[in-house]
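J.: The structure is given below, and queries will be raised subsequently.
In this note's numbering, the protein residues as written are 16 to 195.
If you want it as structure tokens, here you go:
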């Protein structure tokens, strides 16, 4: 089993921008790229096995950080997209993201996942204001038992009225536990 290197497409400006682009390997990257975000002035960030940072529109990725765990010490798995809040001038105010984990000893698919919402005001280096809404846990009945379910993979956007809107993947319904 080998992990393929991660590739990133560099977007070039012009009348046919993709024509002049080519794939470039990102040294040290493995896994699926998640949460690609444009932070202005050529700055980009994304997360795979590490969080990567570019300041030249993705041509190089010289800075990385280790993925930050939650404040409770849980892993922070991600799949989906982040949201970048900007002020009226377009300057980044915060990056908002969703991640999930399972409590110690629990695992997919029978146990419930916990989503954590958090934000960064320093371009993705430190994360604050963690929140796991209780509304994102629910119960389902199956086989005479009540099962606690949660949500995991998610994406977040801000609606025109200022509300945050999250799309979240629910845990597997327990009726599927009986199948292959």
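Just so it is clear, CB atoms sit at the ideal spot from N, CA and C, and this is done for glycine as well.
Should residue 184 and residue 127 be called a contact, given that it needs their Cβ atoms to be closer than 8 Å?
T.: Along the chain shown, one-based indexing puts residue 184 at 169. Along the chain shown, one-based indexing puts residue 127 at 112. Cβ distance not < 8 Å, so residue 184 and residue 127 don't count as in contact.
J.: Let me know the beta strand (DSSP E) ranges lying completely inside the segment 95-145, each 3 residues or longer, listed in chain order.
T.: You should have 98-101, 107-116 and 129-135.
J.: Closest by CA to residue 66, which one among 54, 95 and 49?
T.: For this step, residue 66 is matched to residue 51 along the chain shown. Closest option to residue 66, Cα to Cα, is 49.
J.: According to DSSP, is residue 150 helix, strand or coil?
T.: Taking the chain shown and counting its residues from 1, the one referred to as residue 150 is at position 135. Helix.
J.: In three-state DSSP terms, what is residue 48?
T.: Numbered from 1 along the chain shown, position 33 holds the residue referred to as residue 48. Three-state DSSP puts residue 48 in coil, outside helix and strand.
J.: Could you tell me the distance, in whole angstroms, from the CA atom of residue 173 to the CA atom of residue 98?
T.: Counting from one through the chain shown, the residue named residue 173 turns up at place 158. Counting from one through the chain shown, the residue named residue 98 turns up at place 83. Roughly 7 Å between the two C-alpha positions.
J.: Within its chain, find whatever has a CB closer than 7 Å to the CB of residue 169; leave out the 5 residues flanking it on each side and keep chain order.
T.: Position 154 of the chain shown, counted from the start, is the residue given in the question as residue 169. For residue 169, where only same-chain residues beyond five positions count, the Cβ hits under 7 Å are 95, 113, 130, 181, 182, 183 and 184.
J.: Quick check on the DSSP output: the beta strand (DSSP E) that includes residue 169 runs from which residue to which?
T.: If you number the chain shown from 1, residue 169 lands on position 154. That run of the beta strand (DSSP E) goes 166-173.
J.: So, using beta-carbon positions, are residue 73 and residue 59 closer together than 8 Å?
T.: Taking the first residue of the chain shown as 1, we reach residue 73 at position 58. Taking the first residue of the chain shown as 1, we reach residue 59 at position 44. Yes, these two residues count as a Cβ contact at 8 Å.
J.: Return the bridge partner residues of residue 155 from the DSSP annotation.
T.: As a position in the chain shown, residue 155 is number 140, starting the count at 1. Residue 155 is bridged to 162.
J.: Quick one: residues in its chain with C-beta nearer than 8 Å to the C-beta of residue 191, no 5 flanking neighbours on either side, listed in chain order?
T.: Along the chain shown, read from residue 1 onward, the residue named residue 191 stands at position 176. Excluding sequence neighbours, residue 191 sits near 124.
J.: In the DSSP assignment, find the beta strand (DSSP E) that holds residue 232 and state where it starts and stops.
T.: The structure shown does not extend to residue 232, since the chain is modelled only from 16 to 195, so the question has no answer here.
J.: Can you tell me which residues form a DSSP beta bridge with residue 55?
T.: What you label residue 55 is simply residue 40 of the chain shown in a count that begins at 1. Its beta-bridge partners are 58.
J.: Where does residue 38 sit, in a helix, a strand or coil, going by DSSP?
T.: Mapped onto the chain shown, residue 38 falls at position 23. Residue state, collapsed to three classes: strand.
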